[in-house]
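In my numbering, the protein residues as written are 213 to 281. For glycine and all other residues, C-beta sits at the position ideal for the given N, C-alpha and C. Read the structure below first, then the notes.
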């Protein structure tokens, strides 16, 4: 399992970008484009699900129970 200190700047930026998009980016069907929306409604489940995917892709999910270091 990788820890944040093991990641490159690009990988760290990817995590923050994914979080920012999960919280504030929405698709406007009428305008047919994505918009940043500070009032976008989101659920904790959706944000955690999105973060879970990116952390899995970056090998940051523990594979077994082990002590925190």
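In the structure shown, residue 246 adopts extended strand secondary structure according to DSSP, grouped into three states.
Taking each of 243, 254, 239, 270 in turn and checking the Cα distance to residue 225, the smallest one comes out for 270. Distance check between residue 237 and each of 231, 228, 247 places 247 closest, using alpha-carbon atoms only.
A straight line joining the alpha-carbon of residue 240 with that of residue 273 spans about 33 Å. Residue 234 holds the alpha-carbon nearest to the alpha-carbon of residue 257 among 215, 242, 234, 277.
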